[in-house]
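First the structure, in the form of C-alpha cells, and then the observations on it.
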Amino acid sequence: MGKAKYWSIVYLMVPIFGVGLFVAAPALRMWLPADVSEHGHTIDHLFVFIMYLTGAVFVATECALVWYLWKYDSKSNPAPTKFTHGSHSLEVVWTILPAATLLFIAIYQINAWADQKLVRRAPVESVGPDGVRGTADDVPKAPIAEVTGRQFEWRIRYPGPDGVLHTRDDLLDVNDLHIPVDEELVLVIKSEDVLHSFFLPNFRVKQDVVPGMKQKVWFKAVKGSEGRSYDLVCAELCGWGHYKMKGRVTVDTQSDYRAWLEKLSFEQHKTSEPPPATAEEQ
Amino acid sequence: MKRTLSKARPSVLALVTLAASLASLAGCDQSSQAYFTATSAPKAEIQRSIDRLDASLATAKDEQKEDIRTSIKNLEEELGALPEKQRIVTTIVDAMFGTPDKPIVLSATGLDANKIRLAAGPTTANQDGNTGGLYRRHCVHCHGVAGNGAGPTAEFLNPYPRDFRHGWFKFKSTGINEKPTDDDLRRILREGINGTAMPSFKLLPAAEIDALVEYVKYLSIRGEVENTLYKRFDDDGIKEMLAGAMKGGEAGDEFRALIIEDLLSDEATGVMATWKRANERIVEVVPRPEVSSEESIQKGREIFYGKGGCVQCHGDSAMGDGQTYYVNDIDATRSNAIKQLVNPSFPMQALKPRNLRYTVIRGPSRDIDLYRRLRNGIDAVGMPAPTIPPEEVWHLVDYVKSLPYEFNEPGPTQSENTRAN
Ligand SMILES: [Cu+2]
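Here the protein sequences come in this chain order: A and B. Numbering follows the working numbering, with no gaps: position 126 of the first sequence is 687. Numbering follows the working numbering, with no gaps: position 193 of the second sequence is 221.
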C-alpha cells in the first residue's frame, strides 16, 4: 500500500471545510443580512431549501469521490483499468433524478417568482370596476420614486407634490433613498448607461437594470425597521467603479417620510442661504 | 518517495500561484507613483504649437515663412530649456509644499494640516474603520496624484476630470473669477456632478469630506504656484529668487520665504488672495419676483430668445445646437480658460453648450445654484453673464427648469397591466 493514497484525505478536507463553514457562518456573522421585508421570508425559505438539497448532494458526491480515491490508488491496484461502454440504466437514473429535482424546484418556487416579477402582481391602487385583481382595468400603484443607475451612483427622483414623475416639481437626490415603513411600495428603476443591478439585501430585492427598459420593483418594509438605514448596492459588475455604487435606504415613519420630502423640497426651492461660518467661528 | 513528490506538484503549484496573486494585489497601491506627471503638460503644449506651425509652413506665403521659422526656432529653444526649468520649479515647489504624498502645509495657505494628513499619501485602514489616504482611495484614478486631471481612467471620460492645478471651478456660489467656498466644494463632493463622471460621495463621514476638500485646495494652490513660477520664470526678480531658492541652507530658506510672500501671500496678486476672500464674494440672491410660475416662465422665454443672448450658443431649440462652441484647444477662441480646466496633454474635446431639454442639469441644481450660475455665467467655460437685472434672472431659472418638460406634460396614465409577461 503506497503513501500516495493519503492525498485523498486532502480532498476530503474540501467537503469537511465547506460544510463546517456553513455551520459556523451564522456565528461568524457571515449569514444572510437581517430581513426587514414582508416577502423576504419566502426568498429565504427557498434559499435554505435549495441549500439543504444541494448540500446533501454535495456531501454524498464528495464522499463517493474520496472513497474511490482512497480505494483505487495505483499502488494497491496494479492491474490496468478496464473501460466499459457505460450502463444504460445508470444513465437513465442520473438523468431522471436531477431532471425531476430541477422540475420540482421550478414548480416549488413559481409563486415566489411571480409575486416578485410579474407586473400583473404589482401592488394596485384599486382593482378597477370589474373587482378582479390582475386584469387590464386595475389601477397600478404610483411609484414613490424613480431610481436611475449610472456609472457609478444611484440618482433618485421623487414625483413631488403632484405625484407624477418627470414633471417640473420632481425632487432630486442621489444615493440616499428614503421610504415609508409598513407600506406596500413601488419603485421604478432605470439605467442611464450600462447594465446595473438594483440590490437591496435587507429587503430581498434584486433586479437587473437594463438600459432602455423601465422596470418596477415592489416591497414592503416591516414595522420595526423604521429609523434605520440599509444598503443599496449594485450587484452587476458595471465598470471599474462598480464598487463605488453604494447607496443607502432609510426607512422612515410616515411623518418622518413626509418631513424628509419637505426638506428636499425646501432645499430645492429655497432662495437664500445662511452665510458660511467664518474661520474664527469654526 | 519520488512518486509522491511528483504527485504533490499540482497542489504546490496552486499554492504558489495563489500566494503570487495575493502578493500582486497587495502591491497595487505602490504603483500609483508611476503616473506622477506634475509637470509634463507644458512640453505637450509647446510641441503641439510647433507641429501646428510646421503644418502651416506648407500653405504660408513666402514673406510669412521667415516669421514662422523664427517662431518655430524660439519654441524649440523653449522646449530645450524646459527640462532645466522643470528641474528648478519642481525642486522649489517640492521644498515649499512637499509632494502630494508627503505634503508640507505652509501657514501662509491657512490650510489645516490635520485634515490634509488624512487625505494624503497611500491608503490605510485600521480595525476601527478609520481610513487614511482618502484622495488615493476615492479620487486619484481620475484626478491624478498631483491633481492634474490625468489619472489612468481620465482619458476615457467626457468631460475630462478637472485639472485642479489651474484653480478653475465651475460650480460655485461666488462671483466671476472667484474661487469656490468650502461649502461649494463640500456640496460637489456630496452631490457629485450629475451628467459627468464625477460621482457622489454622499455617504462618506463629514470629517472625511472636509479632509478631501482641504486637500483639493492644497493641490490647487500648489499647482497654481507651480504654474505661476513657470509663467514668470524669465521675469526680472523671479529669476534671481529662483536661483537663490535653489541654494541650500539658510540663504535658500530666505529666498523661499520671499517667493511665498510674493506669489502666495501678496494681498492683490498672490495665489491665496482669491481663496481667502471667497466667503465674502458669495453672490447675493435677490428675492423672487412675485409672479405666477407660468408668467415667470413666459418672461424667461422672452429673455432667453431676446436680450439674454442664450440662443447664440444653446440654439433656437435650446438643445445646445447654437452657432458658438469651443474646444479645449490652445488656438481656439476663448481657449485659454477652457484649456485650463483639463490636462493640456489630452486630445481635444469639444466643449459644447448644453442641451437644456435634457432632464439632467450638471452640477448642483437647486434653484439657488441655478440662479447663481445664470447670474454669473460659467466663467470657467466662457458662458457669459447675461446683462439683465438680478431679479429677472429668476425668470431664466424658471424657464430653464421648465425646458425639459415643455413638450412633455404627462398625458393620461397608460394602462400598464395588460402586458401578460
Ligand atoms: Cu453598477
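Each residue gets a CB set at the ideal place from its N, CA and C atoms; glycine is no exception.
Closer than 7 Å to chain A by CB, residue 316 of chain B: yes
Within chain A, partners of residue 219 of chain B - CB distance below 7 Å: 735
Nearest-angstrom Cα separation, counted from residue 123 of chain B out to residue 587 of chain A: 54 Å
For residue 753 of chain A, the three-state DSSP class (helix, strand or coil): coil
Spatial neighbours of residue 192 of chain B in its chain, beta-carbon cut-off 8 Å, leaving aside the 5 residues before and after: 171, 175, 176, 177, 244, 247, 248 and 251
Residue-level contact to chain A via CB, residue 187 of chain B, 7 Å cutoff: no
Closer than 5 Å: residues whose CB approaches a heavy atom of ligand 1: A:757, A:795, A:799 and A:806
Where the alpha helix (DSSP H) containing residue 412 of chain B begins and where it ends: Careful: residue 412 of chain B lies outside any alpha helix (DSSP H) and carries neither H nor E.
Beta-carbon proximity check, residue 126 of chain B vs residue 132 of chain B, cutoff 7 Å: yes
Reduced DSSP secondary structure (H/G/I, E/B, other) of residue 701 of chain A: strand
Partners in chain B for residue 752 of chain A, counting only beta-carbon separations shorter than 8 Å: Near residue 752 of chain A there are no residues of chain B at all, since even the closest Cβ is about 14 Å away, more than 8 Å.
Short CB-CB distance (under 7 Å) between residue 819 of chain A and chain B: no
Residues, ordered as in the chain, of the stretch 758 to 772 of chain A that lie near chain B by beta-carbon distance below 7 Å: none
Chain-ordered residues of the stretch 288 to 311 of chain B with a beta carbon less than 8 Å from chain A: 307 and 310
Pairwise C-alpha distance: residue 274 of chain B and residue 396 of chain B: 48 Å
Nearest-angstrom beta carbon gap, residue 763 of chain A and residue 597 of chain A [assumed within contact, 8 Å]: 5 Å
Residue-level contact to chain B via CB, residue 833 of chain A, 7 Å cutoff: yes
Where residue 238 of chain B meets chain A, residues with beta-carbon distance less than 8 Å: Neighbours of residue 238 of chain B on chain A: none; closest Cβ ~10 Å, over 8 Å.
Residues that DSSP places opposite residue 635 of chain A in a beta bridge: Answer by DSSP bridge pairing: none, since residue 635 of chain A is not bridged.
Collapsed DSSP secondary structure at residue 303 of chain B in the structure displayed: helix
Any non-hydrogen atom of ligand 3 within 6 Å of residue 830 of chain A CB: Ligand 3 is absent from the structure shown, which contains only ligand 1.
Sufficient close CB pairs (3 or more, under 8 Å) joining the stretch 391 to 405 of chain B to the stretch 200 to 212 of chain B: yes
Partner residues on chain A for residue 394 of chain B, Cβ-Cβ distance less than 8 Å: 828, 829, 830 and 831
Counted within 10 angstroms of its Cβ, other Cβ atoms place residue 453 of chain B as buried (16 or more) or exposed: Outside the shown range of chain B (29 to 449) lies residue 453 of chain B, about which nothing can therefore be said.
Per-residue burial, residue 774 of chain A [other beta carbons within 10 Å of its own, 16 or more giving buried]: exposed
Whole runs of the alpha helix (DSSP H) within the stretch 271 to 352 of chain B, excluding any shorter than 4 residues: 277 to 287, 299 to 305, 321 to 333 and 339 to 342
Interface residues of the stretch 791 to 824 of chain A facing chain B [CB-CB below 9 Å]: 801, 802, 805, 806, 807, 808 and 809
Residue 652 of chain A beta carbon less than 7 Å from that of residue 846 of chain A: The requested residue 846 of chain A is not part of the displayed model; chain A covers only 562 to 843.
Anticipated Cβ contact below 8 Å, residue 120 of chain B with residue 270 of chain B, distance rounded: 6 Å
Residue of B:310, B:390 and B:194 minimising C-alpha distance to residue 404 of chain B: B:310
Residue 853 of chain A in three-state terms, based on DSSP: Residue numbering for chain A in the displayed model covers 562 to 843; residue 853 of chain A lies beyond these limits and cannot be assessed.
Amino acids of chain B, ordered along the chain, whose beta-carbon sits closer than 7 Å to that of residue 714 of chain A: 220, 227 and 228
Separation of residue 347 of chain B from residue 432 of chain B, as counted between CA atoms: 10 Å
Residue-level contact to chain A via CB, residue 90 of chain B, 7 Å cutoff: no
Closer than 8 Å at the beta carbon, the chain A residues around residue 211 of chain B: 837
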